[in-house]
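In the UniProt record's numbering, the protein residues as written are 1 to 151.
Glycine residues also receive a C-beta, built at the ideal position from the N, C-alpha and C atoms.
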């Protein structure tokens, strides 16, 4: 993926698509966020740089303050919350931002046990038919959490 990052230039067309596709818009925003963990940042950025035609396949860093009504599920060990923004849908040229759908949707927040090996946890979670939207961090516990569809 590092070579792909070098090929993309800000405010230029994507070399693969020959136009300003989703990857360019995602890349322009890299400087505006960090998880504080280089492995997580790289993984999220790699998914975004692969989302040429379908931005819904890209993960995003989601600040914890974008969730409300957070409740812990004692039986499941997973938190449930509402996500203010909802999922990325497409780029809005007029507003120069992402159009979103399912605003205020209910999601699941599942803690990652080890941020250094989180990619394995993410892969295992995806295999269980959950839709993964992104990663967040609980500011009180400092635990990283997967943001998943609520089943």
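Asked                                                                                                                : Found
Coarse secondary structure for residue 22, derived from DSSP in three states                                         : helix
Local conformation of residue 49 per DSSP, three classes                                                             : helix
8 Å contact criterion, which residue 56 and residue 44 should meet: CB distance rounded                              : The Cβ separation is near 14 Å, so there is no contact.
Under 8 Å between C-beta atoms of residue 62 and residue 144                                                         : no
Opening and closing residue of the beta strand (DSSP E) in which residue 137 lies                                    : 132-137
Beta-carbon spacing of residue 109, residue 132 below 8 Å                                                            : no
Own chain partners of residue 136 with C-beta closer than 6 Å, once the 5 adjacent residues on each side are dropped : 62, 64, 145, 147
Straight-line gap, residue 21 to residue 33 (C-alpha atoms, nearest Å)                                               : 20 Å
Under the three-state DSSP convention, the category residue 60 falls into                                            : strand
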